[in-house]
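The structure appears right after this line, and notes come after that.
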Amino acid sequence: MCTCSSLLFPLYHRCTAQLWQDSLKMKLQLNFMVCRKENFRFKGCTILVLQIALLLIPSEDVDHNDIIMEVTAGVGGQEAMLFTEEMFDMYQQYAAYKNWRFDVLEYAPCDIGGLRHASAVVVGLKAYRHMKFEGGVHRVQRVPKTEKQGRIHTSTMTVAILPQPTEINLKINPKDLWIETKRASGAGGQHVNKTESAVRIVHIPTGVVSECQQDRSQIRNRATAMQVLRAKLYSIMLEEETSKRCIARKVQIGTKGRSEKIRTYNFPQNRVTDHRISRSVHHIERFLLGEELLDEMIQSLKEYADYESLMEIISENDQPNVT
Numbered sequence: 008m009c010t011c012s013s014l015l016f017p018l019y020h021r022c023t024a025q026l027w028q029d030s031l032k033m034k035l036q037l038n039f040m041v042c043r044k045e046n047f048r049f050k051g052c053t054i055l056v057l058q059i060a061l062l063l064i065p066s067e068d069v070d071h072n073d074i075i076m077e078v079t080a081g082v083g084g085q086e087a088m089l090f091t092e093e094m095f096d097m098y099q100q101y102a103a104y105k106n107w108r109f110d111v112l113e114y115a116p117c118d119i120g121g122l123r124h125a126s127a128v129v130v131g132l133k134a135y136r137h138m139k140f141e142g143g144v145h146r147v148q149r150v151p152k153t154e155k156q157g158r159i160h161t162s163t164m165t166v167a168i169l170p171q172p173t174e175i176n177l178k179i180n181p182k183d184l185w186i187e188t189k190r191a192s193g194a195g196g197q198h199v200n201k202t203e204s205a206v207r208i209v210h211i212p213t214g215v216v217s218e219c220q221q222d223r224s225q226i227r228n229r230a231t232a233m234q235v236l237r238a239k240l241y242s243i244m245l246e247e248e249t250s251k252r253c254i255a256r257k258v259q260i261g262t263k264g265r266s267e268k269i270r271t272y273n274f275p276q277n278r279v280t281d282h283r284i285s286r287s288v289h290h291i292e293r294f295l296l297g298e299e300l301l302d303e304m305i306q307s308l309k310e311y312a313d314y315e316s317l318m319e320i321i322s323e324n325d326q327p328n329v330t
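The numbering used here puts the first residue of the sequence shown at 8, with every later residue one more than the last.
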């Protein structure tokens, strides 16, 4: 009785041996280009060749990790904060759509409406694999409700996606931490404002800072601030390792960095455009529901990233020794 592995291995070996030939390289490129035109659905592609080729793409060690997501209002005043609130709600709804757990760590609303900053832990199957390309600057173009002359304003907000480390992944020396407490600011009642419940932690070697004043309890705020700090330090460590491994790599999918403008939400044209893959979808209100349209965009980003990784592998191994 033949097992799946015994059937697949000879086929995998033959495809691997041929993969480096220029003709097959061109075929893969052509097939992926067809897939891009067909919204990455692989219609009309050589499915077997693509599936075997994709086995060569190494996954990131953190693809299965849970994440901490941070959203921060950018340029645009109140309109930026209103947009930040909408985006945070969209991701919370997307977590429900994917059957993930979404636990709010910090939520800092603005008195006049909108959201200054918020963070949440997202726990679910391959959460980082799905969400890692959402990190960056999101831009909105629309007429604010307070605009009397009907002028279109451009505002921004930032998303940071941080993989959650484990105790094995990251160890922090307590001597490297500076921890201070202070009275919480903003709304929250007499207890919050009169006791030193807010916590600020500084990682001295790197200067990375984490703060939390969400809870009335200093102990819980300290635990939350430490959780976010660990995620930030882990993200920095991963970026350094990636830079060492891929010093000459041209990543066209994007850096997942906070400073990179990745997507525009154009309300007058009812269009969402991702600038990294030049893909646009209509029906912004449906997109902001955090369901099928957002999921399809994320899937497109993952597939294009796989394509870029595959082309890099082929380019780096034009003449390998296959025995």
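All residues carry an ideal CB built from backbone N, CA and C; glycine is no exception.
Distance check between M164 and each of E319, T271, R283 and A312 places T271 closest, using alpha-carbon atoms only.
For H282, there is no enclosing beta strand (DSSP E), since its DSSP letter is neither H nor E. Put simply, the region 179-189 does not touch the region 93-102. Fewer than three CB pairs are less than 8 angstroms apart. Going by DSSP, R123 is part of the beta strand (DSSP E) stretching over L122 to V130. If you look at D110, you'll find it in the beta strand (DSSP E) that goes R108 to P116. Taking a C-beta distance under 7 angstroms as the contact criterion, K133 and I168 do not qualify as a contact pair. With the rule of 3 Cβ pairs closer than 8 angstroms, the region 200-215 does not count as touching the region 276-283. Burial is judged here by how many other beta carbons sit within 10 angstroms of a residue's own beta carbon; E141 has at least 16 and is buried. For T202, there is no enclosing alpha helix (DSSP H), as DSSP marks it with neither H nor E.
P170 and Y135 do touch by the CB rule: their CB atoms are close to 5 angstroms apart, below 8 angstroms. In the DSSP annotation of this structure, the continuous segment of the alpha helix (DSSP H) that includes E92 starts and ends at Q85 to Y104.
Residue environment: P181 is assigned as exposed (fewer than 16 neighbouring CB atoms within 10 Å of its CB, all protein chains considered). The C-beta of I159 has fewer than 16 other C-beta atoms within 10 Å across all chains shown, which makes the residue exposed. Annotation: the continuous beta strand (DSSP E) that includes A80 extends over I74 to A80.
If you draw a straight line from the Cα of D110 to the Cα of I74, it comes to about 11 angstroms.
With contacts defined as CB atoms closer than 7 angstroms, R237 and P172 qualify as a contacting pair.
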